[in-house]
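Data block below; observations after.
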Amino acid sequence: MATIRIDGSCGEGGGQIIRNASAFASILGKNIKIVNIRAGRKTPGLRPQHLVGLRLLAAASGASLSQGNFVGSTEIVFLANSANAVSNDDKREYVGDTQTAGSICLLMQTVLPFALFRGIVRNTNFSTRNIDENKEKSLLQFVLKGGTDTDFAPSVDYFQHVFLPIFNNSFDLAPTESCEKGDKDGTMKTQIDLSVIRRGFFPRGGGEVHATIHRPILKKFPLPPIRLTKRGEIVGITIRAFSAGNCPLSMARALSSTAEATLSSTPSCREVPISIELFDESLSTLPLMSIDRTEGNRSNGERRGTKRRRHLSSGCGILIIAETNTGCLLAGSSIGSPKIPLEETSKLAAQQVIDAIEGGGCVDNFLQDQLILYMALAEGVSELVTSCLTLHTRTSIWLASLMLPSVRFQVTQLEASDDQGERRRPDENENILNRNVAGTIPGGHLIRCWGIGFCPEDKS
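With the first letter of the sequence shown counted as 1, position 321 gets the number 321 in full-length UniProt numbering; the numbers rise by one all the way through.
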């Protein structure tokens, strides 16, 4: 089998190329060689979270990391399991521990595509153990350890409350019949369940997240095309602030108060209802205070835990989500740092949301590139309107085209006055990376993708 050679210094030139390329390889059964890994970074080569992600994916997919299996390597060879035979008999759990504050959500980005499309291929010895016999047979579980809230990566809250809802709704991945029956306690199951055991922050990490992917999802493929082209009106904004470890709840309150004041003073958000949710995640009983500023009332609820959470590190953070009447979610987030005043931390997240709202796109800058891989594998024509075109997105398009020669992308830059895409200037994907523009290209864009309609039983 021919090996696809990928230049890891192209485009954004970071870990995204490693994650997407290995995910494509595991799904398609193709061998890849990535060279010049993170060549332009201060510390080139694989970092611990990249290596753990590759090992985790290799274990789940039956692939082998035949070259570059060490931290600092600037070249890797990932030999996929070309058989791609899904096992319906084994019940498996895979553990990936960065032993640092490496992002857990970036580990999820590495393994989730394969988990959804292919399931488990064969037994391996990479920190696996049998799942309890009483648990559901049709599931795949990952225990991920590292950082839940880190710089330069999506937070676990963003993954839960922005990525997953958009992903499930856009690709019509409603719960399967077996999931709809729910657990014994009456709770409903979703296709992808995420449980945050504890948070982890820089530099110690120590966070732990359990992710469960229900394998009946395979019946949903090929994925339908995603179409996020109508932004609609902003109908509500939710501010979620938390404190964990030794950080007092007052820090979460300070974050939420500043964010609320910033949003309320902005014309594009002034008339939008704002609700606030505060979480103290260091206590056995996790209090949640919801404040709806438009109605001026408060309601108290609680999440129950069985014991006090033990954190190896402490921190606080904020996630702000704006929701539209068409189901779009636009978010901004930030985590506390001893070097940055809480006020600045909060204003950063608020400004990200304001920029996303005023940009007119259907997704924020952090979500657009995460959808490209799935658009390429989906059936039919997917369409996505963004408020700008990030370098991560351009890199994702380039890589998808390299891994899937039959896929086609077209990126159209929208006129500034037209957020519905009526007046367009076509820009074929093969020229995107040739633009002499560093970083993000401002202005509205329509991304169209003619996907390959991949099904798990495909062998090509």
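Quick reminder that beta carbons are idealized off the backbone N, C-alpha and C, glycines included.
Since the model is a prediction, treat every value here as computed from it, not as a measurement.
Should residue i and residue j be called a contact, given that it needs their Cβ atoms to be closer than 9 Å?
| i | j | result |
| --- | --- | --- |
| I320 | V353 | yes |
| Y158 | A331 | yes |
| I447 | L384 | yes |
| N168 | Q141 | no |
| T395 | T440 | no |
| G200 | G146 | yes |
| L371 | S170 | yes |
| F24 | A400 | yes |
| L79 | N69 | no |
| C105 | A59 | no |
| I18 | I34 | yes |
| L312 | V162 | no |
| S314 | A244 | yes |
| S61 | N81 | yes |
| S282 | N325 | no |
| T212 | L116 | no |
If we ignore side chains and look at the alpha-carbon of each, how far apart do residue i and residue j end up?
| i | j | result |
| --- | --- | --- |
| Q413 | R92 | 45 Å |
| G207 | I237 | 28 Å |
| S265 | E271 | 10 Å |
| I357 | C328 | 11 Å |
| V143 | V52 | 12 Å |
| G40 | Q16 | 14 Å |
| G451 | V77 | 26 Å |
| T74 | R47 | 10 Å |
| E30 | A21 | For the sequence presented, residue 30 should be read as Lys rather than Glu. If I take the Cα positions, the gap works out to 10 Å. |
| Q449 | E343 | Residue identity differs from the one stated: residue 449 is Cys in this sequence, not Gln. Roughly 40 Å between the two C-alpha positions. |
| G317 | M1 | 47 Å |
| K347 | S337 | 13 Å |
| M403 | P267 | 44 Å |
| R227 | G96 | 33 Å |
| H392 | G205 | 25 Å |
| R118 | I27 | 6 Å |
| I239 | L255 | 9 Å |
| G443 | S387 | 6 Å |
| P165 | E323 | 11 Å |
| L107 | R408 | 27 Å |
| G360 | F279 | 31 Å |
| S275 | T258 | 13 Å |
| G14 | I335 | 22 Å |
| residue 496 | N36 | Any answer about residue 496 is impossible in this case: the structure gives the chain only from 1 up to 460. |
| G45 | V209 | 26 Å |
| L263 | C269 | 6 Å |
| T98 | I197 | 16 Å |
| R253 | E277 | 9 Å |
| I32 | L56 | 16 Å |
| P273 | K230 | 21 Å |
| residue 480 | F202 | Examination of residue 480 is not possible in this model, given that the chain is present from 1 through 460 alone. |
Strictly under 9 Å for the Cβ-Cβ distance: is residue i near chain C by that measure?
| i | result |
| --- | --- |
| T386 | Looking for chain C here will not work: only one protein chain is present. |
Under a Cβ-count criterion, where at least 16 other Cβ atoms within 10 Å of its own Cβ denotes burial, should residue i be classed as buried or exposed?
| i | result |
| --- | --- |
| M251 | buried |
| P341 | exposed |
| E260 | buried |
| S406 | exposed |
| C455 | exposed |
| N365 | buried |
| V111 | buried |
| R38 | buried |
| Q109 | buried |
| D149 | buried |
| S195 | exposed |
| F242 | buried |
| P225 | buried |
| V156 | buried |
| T100 | buried |
| E12 | buried |
| E415 | exposed |
| V411 | buried |
| A438 | exposed |
| V235 | exposed |
| D369 | buried |
| T345 | buried |
Taking 8 Å as the cut-off, is the beta-carbon of residue i closer than that to any non-hydrogen atom of the ligand ADP?
| i | result |
| --- | --- |
| R118 | With respect to the ligand ADP, the structure shown offers nothing to examine, as it has no ligands at all. |
- Message: Check whether the region 219–236 and the region 367–387 are in contact - that is, three or more C-beta pairs closer than 8 Å.
- Response: yes
- Task: Please list the segments of the beta strand (DSSP E) lying wholly inside the region 303–385, counting only runs of 3 or more residues, in order along the chain.
- Result: 315–324 and 329–335
- Item | Whole alpha helix (DSSP H) elements within the region 43–120, 4-residue minimum | 48–61 and 104–117
- Ignoring anything shorter than 4 residues or poking outside the region 220–266, list the alpha helix (DSSP H) runs there in chain order. 249–264
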